[in-house]
Structures are given as structure tokens and as C-alpha cells.
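Contents: one structure, followed by commentary.
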């Protein structure tokens with residue numbers, strides 16, 4: 001039996017509670033024994049109240065302490081734990097393993113997905129990136145990760161940094177491009193919904209082609225007259241600066257500069 | 001019965017041939033009577049050979065001539081048609097209705113999707129943007145568009161220009177962000193596949209939230225320490241310029257500058 005205590009009550013923490021609770025129904029050897037939340041009420045619909053604690057001193061012995069709090073709070077929370085030499089991991093893409101207090105055996109359990117508040121996530125398809133200081137601890141993390149996901153990776157802190165930056169490009173920045181497209185549509189009274197199937201197809205293509213093969217458009221085929229027409233169409237300075245920079249980046253990609 | 005003649009043999013032309021051929025099997029009142037292709041062999045697996053012509057003089061009387069050629073060729077092709085006062089439309093997002101020769105009744109039939117060579121497209125979910133000079137012609141275009149798609153819009157040339165630029169943002173530029181993420185992963189020996197579920201979720205979110213609501217990440221929450229960590233991690237100048245510009249654009253979005 002692997003006993004887990006979870007610290008945190010935010011989006012990710014709630015998704016993990018749901019997932020571990022479901023897992024318990026299927027005779028798993030993994031058990032979520034406790035969750036720490038400053039505000040006990042926040043989790044009252046998700047968990048038996050006796051499992052919710054709001055004082056670190058009440059933490060029971062567990063095989064794995066999962067810290068799912070904001071990056072800024074990882075150091076403080078991990079230093080406040082009233083025990084040593086146990087397996088304590090954080091769940092952040094951006095924070096180093098070293099941000100955890102060294103009094104415990106450190107590791108990382110990073111689910112690489114964007115979690116929304118009210119949207120149920122099927123963890124089976126969420127890649128989980130694992131790291132640990134000690135190899136025996138990796139075995140524990142690996143068992144837990146494989147119990148909830150079909151996609152588990154050993155990723156060290158430097159690799160995780162790269163992944164986190166890359167995730168900003170494909171998630172935050174991509175969504176911002178949707179936002180700019182939405183602005184352009186609104187300015188010209190065209191429904192943004194018209195673009196949804198194209199957005200879906202763009203994301204879908206990448207499952208069968210690599211990004212180089214999937215690249216199309218005026219920049220890629222160096223269609224100067226269309227590029228000029230677009231540039232003169234965009235009167236918003238920010239939109240036009242981004243258009244030029246990304247067009248240039250597509251055209252220079254793969255070239256030695 | 002609406003008789004269609006198609007001019008072109010590229011990606012879009014081939015997808016349209018497949019779609020109209022399937023439609024004919026379901027007792028539709030729409031018939032693809034001819035396809036013009038300079039190279040007859042190119043379409044030999046898609047169509048009866050007697051329907052393929054390579055000389056404009058062989059074009060029969062039709063209710064609708066669909067020009068699916070590259071933007072550059074629209075003016076020339078439309079001027080070479082050996083008849084006048086018939087309904088002739090192009091299928092381009094970027095070209096104006098006025099790029100067609102004025103000797104015929106002009107219109108636009110623009111399927112807003114990215115068409116790949118070997119990937120079957122279900123036209124039912126492809127938005128089709130229609131425009132015509134005469135309202136009687138719009139009725140014909142509308143019948144044809146509704147026969148193949150569930151999503152038909154009246155979009156004038158100015159609106160279509162906006163849509164086309166917006167499509168570059170959500171398709172070409174988004175795919176380029178995937179490419180940059182792929183580069184970052186490769187440089188740091190992380191499998192790009194790790195990011196695929198996040199890419200899918202980003203595109204999926206937009207079907208239930210608007211881009212403003214869906215925006216997350218360090219730029220949105222003004223998490224300066226993560227932004228600085230990312231900026232110092234990116235040693236490639238192009239990646240770092242794009243990171244800074246898009247971060248700034250997210251932070252300034254919605255503000256009066």
C-alpha cells in the first residue's frame with residue numbers, strides 16, 4: 001500500500017483528489033490518506049471531513065507527500081513540514097527540485113497539462129514528469145504516476161525547465177494568438193466561431209505530422225503579395241509587429257543566420 | 001439540378017471532387033459535370049476520364065464555375081474562360097472578388113480550413129464563406145454550400161480579408177509556435193510528444209471559453225520571477241525575442257496604451 005498525503009487545495013490539488021478517490025474505488029494499492037488545506041471548507045464536497053487537516057502537525061506518516069501549491073509557496077511549505085527524511089515532492093513545471101527543503105528526500109511529480117477549475121480532466125492522457133534524488137523514491141513516484149496516467153516520463157530539472165518554457169509557447173502564447181485573431185474578427189464584424197474548426201485542425205495535424213511538415217501559409221511559401229496585403233490590412237501596431245516577427249521567424253527557420 | 005464545373009487540380013480541388021462525388025451518390029440535385037486540369041492524369045483516380053478536360057474550349061454550360069487555383073492564377077484563368085455572364089467564383093481567402101474577370105457574374109466560395117494532401121476532410125464541419133455580386137447568384141452558392149457543409153456564412157471581401165489574416169494567426173503562427181517548442185525540446189533532449197495533450201487541450205478549451213477567459217500563464221498573472229527565469233533560459237535570440245514580445249502583448253492586452 002502506498003499512502004499519500006496531499007498539501008494544497010487549488011485547481012491541481014482538486015483534480016488530484018478526484019483522481020485518487022476514483023482510483024481507490026478500483027482496488028488500487030494507492031491511498032490518499034490526508035489533504036492539508038488552510039480553508040477546510042474549500043474541499044468539503046470532495047473529501048470526507050476527517051481526511052482534511054489545516055495544521056501541519058496533524059500530518060500522519062505517509063509514503064509520499066505531494067505539495068500542490070503555488071511556486072512561491074513551495075519553499076515555505078516544505079520547510080514547515082514537521083518531519084525529516086520522508087519523500088516530499090512538488091508538482092510544479094517551473095520550480096527546481098532544489099526549491100524543496102533538503103531536510104526531506106526530494107522529488108518532482110509534474111503533470112504537464114493546463115487545469116481549469118470546472119473541467120474534469122482524464123489523467124490517463126496527462127503526461128507526468130518525474131524526478132527524484134534517490135532511485136528508491138523514483139520507484140514509488142513511478143508506481144503512483146503509472147496508476148493514474150498512461151504517459152510517464154523521467155525528466156530532470158533542466159529538462160523540465162525546457163518543457164515548461166515550451167509549454168508557454170504551445171499553450172499561453174497559442175491562446176494569445178487566438179485572442180489576437182478574436183480581436184481582428186471583432187473589429188471587422190466576423191464571427192470568431194468561423195475559425196474554430198481551423199484551430200482544431202491545426203492542433204490535430206500535429207498528432208500525425210511534425211511541425212516542420214505541417215507548416216503552411218504565405219510566410220512558408222514566401223508569398224510576398226499576400227504578406228504585404230496582410231501587413232497593410234493590420235492597422236493595430238501590436239498585431240502588425242507580431243505578424244512581422246512571426247512571418248520572419250517562419251521564413252528564417254532552418255536557415256543558418 | 002445545379003451543374004458545377006470545377007477548374008483546378010490541387011489540394012482543395014481534389015477535396016471538392018471527392019465531396020461532390022459522394023454527394024451525387026445521395027440523390028443530390030447537385031452534379032459535378034466537368035473538371036479542368038492541365039494534367040489530366042493527376043485526377044485519373046478521382047473521376048471518370050470523360051469528365052476531365054484540359055482545354056477551356058471544352059467547358060460545357062454549367063450553373064456554377066468553381067475556380068480552385070492559386071491566388072496568382074485567378075485573374076488569368078477567369079479571363080481565359082470562353083463565355084460571359086455566367087456565375088464564376090474563386091475559392092480563395094486572400095483574393096478579392098474583383099480579381100475575377102468582370103465579363104462573368106462574380107462570386108466567392110471560400111472553405112475556411114487547412115487542407116492537407118492525403119487527409120480526408122469532412123466538409124460538414126468546414127465553414128464556407130460566400131459572396132456574390134448578384135443576389136440571385138447567392139442563392140445558388142448557398143444551395144451548394146449547404147449541401148456539403150453545416151456551417152455557411154455570408155462574408156464580404158473586406159470581412160474575408162480579416163478572416164484570412166486571423167486564420168494566419170491561429171493556423172500558420174500557432175503551428176510555428178509548435179515548431180519553436182519542438183526546437184526547445186530537441187535542444188534539451190525532451191520528447192516533443194510530451195506536449196501533445198497540452199496542445200490538444202489548448203485548442204479544445206476555446207470551444208467552451210473565449211480566449212480572454214482561457215488565458216493562463218506567467219504573463220497573464222504577472223509572475224515576474226518565472227518570466228525572468230524563462231528569459232534567461234532561452235539563449236536563442238529569435239526564441240527570446242518572440243517570448244518577450246508575446247509576453248508583453250499578453251500583459252498589455254485590454255489595457256489602454
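Chains as they are written, first to last, in the working numbering: chain A, 1 to 257; chain B, 1 to 257.
The beta carbon of each residue, even a glycine, is placed where N, CA and C say it ideally should be.
Keep in mind it's a predicted model, so treat the numbers as computed, not measured.
| Asked | Found |
| --- | --- |
| Within-8 Å CB hit, residue 184 of chain A to chain B | yes |
| Bounding residues of the beta strand (DSSP E) (the contiguous stretch that carries residue 35 of chain B) | 30–36 |
| Whether residue 81 of chain A touches residue 88 of chain A by CB criterion (8 Å) | yes |
| Chain B contact for residue 116 of chain A (CB, 8 Å cutoff) | yes |
| At least three beta-carbon pairs within less than 8 Å, the stretch 201–219 of chain B to the stretch 182–197 of chain A | yes |
| At least 3 beta-carbon pairs within less than 8 Å: the stretch 103–111 of chain A vs the stretch 64–84 of chain A | yes |
| Three CB pairs or more closer than 8 Å across the stretch 153–167 of chain B and the stretch 125–137 of chain B | yes |
| Supposed close pair residue 4 of chain B, residue 33 of chain B - CB separation, criterion 8 Å | 7 Å |
| First through last residue of the alpha helix (DSSP H) which encompasses residue 18 of chain B | 11–24 |
| Residue burial classification, residue 38 of chain B (beta-carbon count within 10 angstroms, cutoff 16) | exposed |
| Pick from A:205, A:73, A:47 and A:190 that is closest to residue 14 of chain A, judged by C-alpha positions | A:47 |
| CB contact below 8 Å: residue 196 of chain A versus chain B | yes |
| Under 8 Å from the C-beta of residue 15 of chain A: neighbouring residues of chain B | Those do not exist, as residue 15 of chain A stays about 13 Å from chain B at its closest Cβ, beyond 8 Å. |
| Rounded straight-line distance, which links the Cα of residue 110 of chain A to that of residue 143 of chain A | 14 Å |
| Range of the contiguous beta strand (DSSP E) that encloses residue 128 of chain B | 128–132 |
| Cutoff 8 Å: residue 242 of chain A Cβ touching any chain B Cβ | yes |
| Within 8 Å, strictly: CB atoms of residue 165 of chain A and residue 217 of chain B | no |
| Beta-carbon neighbours of residue 52 of chain B, restricted to chain A and to distances below 8 Å | Ordered by position in chain A, no residue passes the 8 Å Cβ test against residue 52 of chain B, which lies about 27 Å from the chain. |
| Residue 75 of chain B - partner residues in DSSP beta bridges | In the DSSP output, where bridge partners are listed per residue, residue 75 of chain B has none listed. |
| Three-way DSSP call (helix, strand, coil) for residue 89 of chain B in this model | strand |
| Short-range partners of chain B found in the stretch 198–216 of chain A, where Cβ spacing is below 9 Å | 198, 199, 200, 201, 202, 203, 204, 205, 206, 207, 208, 209, 210, 211, 212, 214, 215 and 216 |
| Chain B within 8 Å of residue 292 of chain A, Cβ atoms only | There is no way to answer for residue 292 of chain A, as the model of chain A reaches only from 1 to 257. |
| Closer than 8 Å to chain B by CB, residue 84 of chain A | no |
| Residue 153 of chain A - partner residues in DSSP beta bridges | A:129 |
| CB of residue 177 of chain B within 8 Å of CB of residue 112 of chain A, strictly | no |
| For residue 3 of chain A, the residue or residues it bridges with in DSSP | A:31 |
| Residue 120 of chain B, DSSP secondary structure in three states | coil |
| Spatially closest choice to residue 227 of chain A from A:31, A:95 and A:247, by CA coordinates | A:247 |
| 7 Å Cβ cut-off: residues of chain B touching residue 190 of chain A | 155, 159, 162 and 163 |
| Whole-angstrom C-beta distance between residue 78 of chain A and residue 100 of chain A, which should lie under 8 Å | 4 Å |
| Distance CB(residue 8 of chain A)-CB(residue 74 of chain A) smaller than 8 Å | no |
| Reduced DSSP category for residue 206 of chain A - H, G, I as helix; E, B as strand; rest coil | coil |
| Extent of the continuous beta strand (DSSP E) run through residue 108 of chain A | 105–111 |
| CB contact below 8 Å: residue 285 of chain A versus chain B | The requested residue 285 of chain A is not part of the displayed model; chain A covers only 1 to 257. |
| Nearest candidate by alpha-carbon position, reference residue 135 of chain B, set B:160, B:108 and B:27 | B:108 |
| Contact with chain A by residue 126 of chain B, beta-carbon distance below 8 Å | yes |
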